[in-house]
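Input: a single structure, listed below in structure tokens.
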Amino acid sequence: MNKIMNNISSDSDKVTKAELKGDIKKLARERKFQTLLSTLIFVIGLIIVMSFAQPILTDDVVDIPKLAILIVLTIYGLIIGRWEGMDWAQKRTNGLYQQTLRAFNEVYTKMQPIRAYFSQWCDLLYQKKRKSRILKILSNWGIDDERVLDLTTDELSELVNKHYRKEWLGNSKYPPSRHADKYKRGDIESEPYVSYFDPYTEKQVEVIKACIEGYFEIDKLPASYFLISYSNSIKDAYYNASTAGKQKNSITITSFTSKILTLILVSVILTSVGFQIYENQGQPDQIVQAIYDTISRLFTLGTALVFGFYTGTDLIKIDRYYLAFKVETLKDYLDEFEKGIFNPVNKVAERKQEYEKEQKVLEESIKNVIDPELIQNINNDIKSLEYVEKEE
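For what it's worth, this note's numbering labels the leading residue of the sequence shown as 714, then goes sequentially.
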């Protein structure tokens, strides 16, 4: 019994130690903890140095050679840290990026049998996203009637500060609308093809016109974008995907600029400090100053590496976000295809129908053309008649 209890106790201790070890590793990965640790190491080194000497400001406000060294170390640390951060975040076997990449490869394989229709679905997706954005813009301006998008720009003036009765089959002022079939029932049962609109302000009408004329267009993502795992482009990912490269560059520039300025400020402070040996220590000033300079440079390099590393991981987070967007898009395509929501058009049959339609129009045109030989024969008959009349 005691042996069993000892084994249970031993296993419990192992689990506790494993959990503690896991917690420590998790803490060690935290950005704040790593930054705090590097700062703490610098402070400890500074305390050791101050045990031998007291800090004083140098005669010169800034030691230019020392500052230059720290700036070079800062830039080097940021660049190397960024590369390493991107590589680490992208290649971690159990990291979010690799998990998302495996999900992409899985759904990509599943959709191969129906890949031929994907471009059609992407066209519909674009139309849906575009309409969604336009409706949101209209809603922001207090316009909830999406039927205004089916009006022509010529008749938008009819909406300014007055109600408007729209006849979709046309009248003496406006021609029939190509959207007439949508409004066959009409707003009132006794008035088919007739709709009534609320009045709007001039500014609202300008917004409606801008929507109709395509002022608020969005970039259309081709089907090929969703079929590759890497990205060049938070709100709806569809609107930002094409500019993800600019977003990454912006983050890099902003992050590097802010961190370089921060580290330069710290470097200025560090290089402005010297040390004077306490009289009872008997150590040369140069030794303590050299130790301090070494600690300052190591601190600057270490901090720059940490900052650059996490800038790199942030960039991979953007790649992972848009890769996850592609995965969800492909899943939506598969789901709509399997449920019959999306019914692809047979392009071969469609091309055949268009060809036959064009041939039919051409044949009708030929039938309506008068044969030149027939015209010549008619002209000859007329001349013969004129000649007979003259003889008589």
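Heads up, the beta-carbon is just placed ideally off N, CA and C, and yes, glycines get one too.
Closer than 7 Å by C-beta to Arg-878: which residues in its own chain qualify, once you throw out the five before and the five after it? Chain order, please. Val-907, Tyr-909
Give a yes or no on whether the minimum CB-CB distance between Lys-844 and chain D is below 8 Å. Of the protein chains in this structure there is only one, and it is not chain D.
From what residue to what residue does the alpha helix (DSSP H) around Glu-819 run? 809–823
For Glu-880, the first and last residue of its enclosing beta strand (DSSP E): 877–880
Using only the alpha-carbon positions, how far apart do Ile-925 and Ile-792 sit? 47 Å
So what does Tyr-909 bridge to, in DSSP terms? Arg-878
What are the start and end residues of the alpha helix (DSSP H) that includes Leu-838? 831–853
Leu-1043 classed as buried or exposed, judged by whether at least 16 other C-beta atoms fall within 10 angstroms: buried
Go ahead and pull the three-state DSSP assignment for Ile-901. strand
Beta bridge counterpart(s) of Val-1074 as assigned by DSSP: DSSP lists no partner for Val-1074.
Between Leu-809 and the rest of its own chain, which residues show a CB-CB distance below 6 Å, the 5 nearest in sequence each way excluded? Arg-1033
Once DSSP output is grouped into helix, strand and coil, what is the label at Val-873? strand
What number of angstroms, rounded off, separates the C-alpha of Asn-884 from the C-alpha of Ser-890? 10 Å
Run of the alpha helix (DSSP H) containing Tyr-938, from where it starts to where it stops: 936–939
Using three-state DSSP, classify Gly-1053 as helix, strand or coil. coil
What are the boundary residues of the alpha helix (DSSP H) that includes Thr-787? 777–804
Any chance the stretch 1062–1071 sits against the stretch 818–837, with 3 or more Cβ pairs inside 8 Å? no
As a quick exercise: from Glu-1049, Lys-1039, Trp-881, pick the residue whose alpha carbon is nearest that of Gly-1111. In this structure the chain extends from 714 to 1105, so residue 1111 is not present and cannot be described.
Can you tell me the Cα-Cα spacing of Ile-847 and Val-1040, whole angstroms? 25 Å
Taking the alpha carbon of Gln-825 as the reference point, which residue from Ile-782, Phe-1050, Asn-853 has its own alpha carbon closest? Phe-1050
With C-beta atoms as the reference, is Ile-850 less than 8 Å away from Tyr-913? no
Are the CB atoms of Val-918 and Leu-862 within a distance shorter than 8 Å? no
State the Cα-Cα distance for the pair Ala-1037 and Lys-823, rounded to the nearest angstrom. 16 Å
Could you tell me how far apart the beta carbons of Ala-1017 and Leu-786 are, in whole angstroms, since I believe they sit closer than 8 Å? 7 Å
Determine the extent of the alpha helix (DSSP H) in which Val-1166 is found, giving its start and end residues. This structure does not reach residue 1166, given that the chain is present from 714 up to 1105, and the question cannot be answered.
By a C-beta neighbour count over all protein chains shown, 10 Å radius and 16 as the cutoff for buried, is Asp-1064 buried or exposed? In the sequence as presented, Asp is not what sits at residue 1064; that position holds Arg. When all chains shown are included, Arg-1064 counts as exposed.
Taking buried to mean at least 16 other C-beta atoms within 10 Å of its own C-beta, is Val-1058 buried or exposed? exposed
Does the Cβ of Leu-934 have 16 or more other Cβ atoms within 10 Å, making it buried, or fewer, making it exposed? buried
Cut-off 6 Å between Cβ atoms - residues of its own chain near Leu-1014, not counting five sequence neighbours on either side: Leu-786, Gly-790
Cβ neighbour criterion (16 or more within 10 Å) applied to Gly-1021: buried
Inter-residue CB distance, Phe-831 and Ser-942 (contact presumed, cutoff 8 Å): That pair is no contact at about 16 Å.
Assuming contact is defined by CB atoms lying nearer than 8 Å, are Ile-1029 and Gln-812 in contact in what I supplied? no
With DSSP as the reference, label Asp-736 as helix, strand or coil. Bear in mind that the predicted position of Asp-736 carries a pLDDT of just 49, short of 50, making it unreliable; the figure below should be weighed with that in mind. In this structure, Asp-736 counts as helix in the three-state DSSP scheme.
Just mark Val-1074 as buried or exposed, buried being the case when its beta carbon has 16 or more other beta carbons within 10 Å. exposed
With DSSP run on the structure shown, which of helix, strand or coil describes Glu-930? coil
Ile-966 - DSSP class collapsed to helix/strand/coil: helix
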